[in-house]
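Novice: Before we start, here is the structure in question, set down as structure tokens.
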DNA sequence: AGAGCGCGTGTTACCGCTAACAGCGCTGAC
DNA sequence: GTCAGCGCTGTTAGCGGTAACACGCGCTCT
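What follows is the structure in structure tokens.
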């Protein structure tokens with residue numbers, strides 16, 4: 023088999039396809055892109071030829087001719103490594119389909135001036151739009167700087183989107199409600215909660231969902247043991263410590279992310295508790311850590327790669343429409359999450375016989 | 023400040039620079055690329071104009087005109103998430119400088135036929151070369167398939183490079199020697215070792231380094247407690263369990279990667295041991311996990327991002343030279359590692375006063 | 001019936017850059 | 001002195017697409 027799709031001189035071009043389909047190159051171009059104003063029979067003939075010749079457009083030529091976006095920026099800061107990996111995988115897929123380059127830069131500083139400085143340098147370099155995954159999606163200085171430079175932004179998982187912003191997220195509150203309900207259904211009545219970083223709106227949403235579910239079940243959510251955490255493993259260590267040394271130790275703990283849940287498991291182990299027999303511990307995010315620890319974490323899975331793809335698609339669509347003079351308008355995409363039930367959760371110690379009713383492992 | 027570097031109509035082009043420098047576009051092109059056959063004074067004038075106008079070449083036009091490589095593939099499989107994240111960051115930087123697109127695909131299957139199938143689909147799609155990070159760099163089926171298709175490959179951290187291959191790695195053996203020496207210098211005489219997956223050549227290299235250092239110190243390396251692991255957290259759990267339940271518990275444990283080291287710490291904690299006072303535990307790789315656990319791991323840092331960059335540079339250089347008809351030849355780049363000393367290691371329990379001599383935290 | 005319009009398609013002129021070659025002035029060999 | 005050869009620079013002709021416009025056609029509207 024020849025390798026007709028390899029780039030370089032001698033590859034299949036739009037002309038080849040046009041000849042094969044008995045039309046002009048322009049018609050092929052139309053079919054490959056928007057596809058409006060092409061008769062159905064013509065379109066089919068072209069697609070057939072494309073298929074037969076295994077044609078794929080040369081992205082370089084396309085970008086050049088269309089003068090379209092070629093570089094999308096991605097500014098990231100110290101997310102959990104597995105979050106970044108998944109995010110990049112998704113972003114790269116979207117970038118590839120759109121034929122744009124993904125340009126990434128890290129911005130670790132928490133200092134506003136420094137963030138602005140990094141942003142400016144980054145944005146001046148080459149990029150036409152910037153995607154901001156958490157936690158940077160909440161950063162005021164960065165947003166302000168990009169706004170000032172007139173560079174469009176798509177935020178991911180930003181809690182309080184502005185009127186003119188593009189945002190991708192999941193419904194944190196609904197997910198937290200589901201998780202809490204699940205624990206309640208297992209028989210838990212005394213559920214502890216570890217909050218996330220107070221600067222993140224997601225933290226508040228998750229906590230709100232937790233309270234919603236308790237209230238809904240007729241439990242007093244003001245009496246629930248709640249500790250402040252900051253999303254880091256270390257903060258989970260101390261929050262878990264505090265929860266487990268309470269007079270009335272909860273039978274289940276819902277941590278706002280996997281790192282803190284894993285830390286809490288480690289604290290429980292050090293105290294000789296067996297998870298989930300003595301205590302259930304669940305997390306949020308389904309990062310790689312969730313399956314690295316033992317027992318593996320019951321958690322909420324965020325479709326991280328899909329969110330990244332969605333973010334890039336939104337960005338590219340916006341860039342395209344903006345070039346056509348269209349007005350930017352508020353767009354939000356809410357993707358669906360999923361409960362992942364693993365081994366770190368089970369019925370409370372009292373309800374032994376309920377044990378056999380433990381739900382089957384999910385997907 | 024205007025944004026002269028934004029793409030789209032109206033950006034700074036090579037013509038602008040040429041005019042500003044009083045030369046032709048071709049001369050500017052020569053300066054920007056190889057730069058041979060340009061008088062020094064001319065070059066300076068051009069560079070000055072480039073600087074002044076803040077010109078950056080349009081990668082799309084460049085690829086199109088030069089007919090050069092535009093898509094480099096990256097096939098990955100379930101590495102630790104933080105490894106992948108760092109690798110992608112490095113790869114993306116290199117891809118950006120070279121103006122190529124990074125195309126990624128995962129290949130999780132262990133089955134040879136399936137690996138070959140995925141590889142074929144991937145390679146047929148679009149890519150001119152493929153970069154293979156571990157563990158895929160050791161996969162025979164994938165290499166065979168790519169060879170058959172005539173697609174150049176750069177492997178990363180492959181243990182036994184072939185004569186005609188391009189490879190990037192660190193010196194695992196030397197790194198293991200350093201780490202073991204460090205433990206010996208702290209006063210440890212009874213050092214346990216957890217081996218990595220037997221399919222990986224790096225596992226053997228690290229173990230060999232461990233033995234080298236023991237022998238060098240006059241210790242009997244055949245008496246050292248060694249357990250087989252498989253690089254996974256779970257395998258570290260059982261290997262650690264076995265090591266810690268030995269009659270003569272070692273005073274230090276060297277795990278072949280961070281995941282297994284972290285698992286061993288967790289086992290130690292469950293047994294009421296204090297790290298590093300009762301036992302030192304060190305890892306390898308310096309993944310994100312190393313700083314997620316408590317105490318943070320002493321480990322060997324692999325320059326993962328730099329290795330990815332090197333791999334892409336090698337790939338691009340090879341593609342370029344190959345287009346010029348040059349022969350492919352064996353090339354290996356060995357990058358340097360670094361010892362990262364954190365809190366999980368210290369002198370053995372007997373040597374209390376040595377405690378103050380504990381080396382300062384690195385970098 | 002003729003104007004006007006929208007549809008489907010082809011033609012032309014680039015997008016920004018570089019390969020290939022052409023041309024110039026200078027050097028050194030004969 | 002002439003001519004080959006080299007170093008430096010400019011000119012030409014695309015790379016593979018797409019925007020913009022042009023064109024022919026059938027239809028509706030007045």
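Protein chains in written order, with my numbering: chain A, 23 to 385; chain B, 23 to 385. The beta-carbon is built from N, C-alpha and C at its ideal position, and this holds for glycine as well.
If you draw a straight line from the C-alpha of residue 171(B) to the C-alpha of residue 34(A), how long is it?
Specialist: Those two C-alpha atoms are separated by around 18 Å.
Novice: Name the DSSP bridge partner or partners of residue 124(A)?
Specialist: Bridge partners of residue 124(A): 94(A).
Novice: Taking the alpha-carbon of residue 276(B) as reference, which of 213(B), 261(B) and 329(B) has the nearest alpha-carbon?
Specialist: Of 213(B), 261(B) and 329(B), the residue nearest in Cα terms is 213(B).
Novice: State the Cα-Cα distance for the pair residue 243(B) and residue 236(B), rounded to the nearest angstrom.
Specialist: Using only the alpha carbons, I get a separation of about 6 Å.
Novice: Out of curiosity, what's the CA-to-CA distance linking residue 211(A) and residue 228(A)?
Specialist: If I take the Cα positions, the gap works out to 18 Å.
Novice: Spatial neighbours of residue 92(A) within its chain, please: C-beta separation below 7 Å, excluding the five flanking residues on both sides.
Specialist: Once the five neighbours on either side are set aside, the close Cβ partners of residue 92(A) are 85, 122 and 123.
Novice: Please give me, in chain order, every unbroken run of the alpha helix (DSSP H) with length at least 4 that falls completely inside the segment 240-285 of chain B.
Specialist: You should have 255-266.
Novice: Determine, for residue 344(A), whether the minimum Cβ-Cβ distance to residues of chain B falls below 8 Å.
Specialist: So, not an interface residue.
Novice: With H, G and I counted as helix, E and B as strand and the rest as coil, what does DSSP make of residue 227(B)?
Specialist: Here residue 227(B) sits in helix by DSSP.
Novice: From 99(A), 156(A), 284(A) and 169(A), pick the residue whose C-alpha is nearest to that of residue 222(A); which is it?
Specialist: It is 156(A).
Novice: Would you say residue 118(A) reaches chain B, if we count a Cβ-Cβ gap shorter than 8 Å as a contact?
Specialist: Interface residue, yes.
Novice: Along chain A, in chain order, which residues have C-beta atoms closer than 7 Å to that of residue 125(B)?
Specialist: Under the 7 Å cutoff, chain A gives 118.
Novice: What is the DSSP secondary structure of residue 381(A), reduced to helix, strand or coil?
Specialist: Reliability of the predicted coordinates at residue 381(A) is poor, the pLDDT of 47 falling under 50, and no value is obtained from them.
Novice: For a test of the three-state rule: what should DSSP assign to residue 86(A), helix, strand or coil?
Specialist: Helix.
Novice: Helix, strand or coil, according to DSSP, for residue 306(A) in the structure here?
Specialist: Of the three classes helix, strand and coil, the one that applies to residue 306(A) here is coil, per DSSP.
Novice: Within a Cβ cutoff of 7 Å, which residues of the same chain sit near residue 257(B), ignoring the five residues on either side of it in sequence?
Specialist: Contacts found: 251 and 282.
Novice: Can you tell me whether DSSP reads residue 389(A) as helix, strand or coil?
Specialist: A question about residue 389(A) goes unanswered here, because the residues of chain A that appear run from 23 up to 385.
Novice: Where are the alpha helix (DSSP H) runs, 4 residues long or more, that stay fully inside the segment 136-177 of chain A, in chain order?
Specialist: Listed in chain order, the complete alpha helix (DSSP H) runs (minimum 4 residues) inside the segment 136-177 of chain A are 162-171.
Novice: Beta-carbon within less than 8 Å of residue 29(B)'s beta-carbon, same chain only, minus the 5 sequence neighbours each way: which residues are those?
Specialist: Residue confidence is low: residue 29(B) scores 43 on pLDDT, short of 50, so the model does not pin down where it sits. No coordinate-derived value is stated.
Novice: Grab me the residues of residue 202(B)'s own chain with a C-beta within less than 6 Å of its C-beta, minus the 5 sequence neighbours each way, in chain order.
Specialist: So the qualifying residues of the chain are 232 and 235.
Novice: Residue ranges of each beta strand (DSSP E) run of no fewer than 3 residues wholly in the segment 55-79 of chain B, ordered along the chain?
Specialist: For the segment 55-79 of chain B, not a single whole beta strand (DSSP E) run of length 3 or above is found.
Novice: Quick check on DSSP: helix, strand or coil for residue 360(A)?
Specialist: Here residue 360(A) sits in strand by DSSP.
Novice: Going by Cα to Cα distance, which pick from 63(B), 58(B), 55(B) and 57(B) is closest to residue 43(B)?
Specialist: Nearest of 63(B), 58(B), 55(B) and 57(B) to residue 43(B), Cα basis: 63(B).
Novice: Closest Cβ-Cβ distance between residue 176(A) and chain B: below 8 Å?
Specialist: No - not a single Cβ of chain B is within 8 Å of the one on residue 176(A).
Novice: Would you call residue 356(A) buried or exposed, if buried means 16 or more other Cβ atoms sit within 10 Å of its Cβ?
Specialist: Exposed is the call here.
Novice: Taking a contact to mean a Cβ-Cβ separation below 8 Å, would you say residue 113(A) touches residue 153(A) in this structure?
Specialist: A contact, by the Cβ cut-off of 8 Å.
Novice: Can you list, in chain order, the residues of its chain with a C-beta nearer than 6 Å to that of residue 151(A)? Leave out the 5 residues immediately preceding and following it.
Specialist: For residue 151(A), where only same-chain residues beyond five positions count, the Cβ hits under 6 Å are 94, 174, 337 and 341.
Novice: Just checking: is the beta-carbon of residue 288(B) within a distance shorter than 8 Å of some beta-carbon in chain A?
Specialist: Interface residue, yes.
Novice: How would you label residue 296(A), buried or exposed, when you count the other beta carbons within 10 angstroms and need 16 or more for buried?
Specialist: It counts as exposed.
Novice: Tell me whether the beta-carbon of residue 314(B) lies closer than 8 Å to the beta-carbon of residue 255(A).
Specialist: Result yes, Cβ atoms of residue 314(B) and residue 255(A) sit closer than 8 Å.
Novice: Check whether the Cβ of residue 92(B) lies closer than 8 Å to any Cβ atom in chain A.
Specialist: For residue 92(B), the answer is yes, since a Cβ of chain A falls inside 8 Å of its Cβ.
Novice: What does DSSP give as the partner residue(s) for residue 221(B) in the beta ladder?
Specialist: Bridge partners of residue 221(B): none, in fact.
Novice: Taking the alpha-carbon positions, what's the residue 359(A) to residue 321(A) distance?
Specialist: Distance between the alpha carbons of residue 359(A) and residue 321(A): 11 Å.
Novice: Please name the residue in 98(A), 117(A) and 49(A) whose C-alpha comes closest to that of residue 335(A).
Specialist: When each option's Cα is compared against that of residue 335(A), the closest is 117(A).
Novice: Give every residue of the same chain whose Cβ lies closer than 6 Å to the Cβ of residue 384(A), excluding the five residues on either side of it in the sequence, and list them in chain order.
Specialist: Bear in mind that the predicted position of residue 384(A) carries a pLDDT of just 42, short of 50, making it unreliable; the figure below should be weighed with that in mind. 362 and 363, listed in sequence order.
Novice: I'd like to know if residue 299(A) contacts chain B, where contact means its C-beta is closer than 8 Å to some C-beta of that chain.
Specialist: Chain B contact via Cβ: absent.
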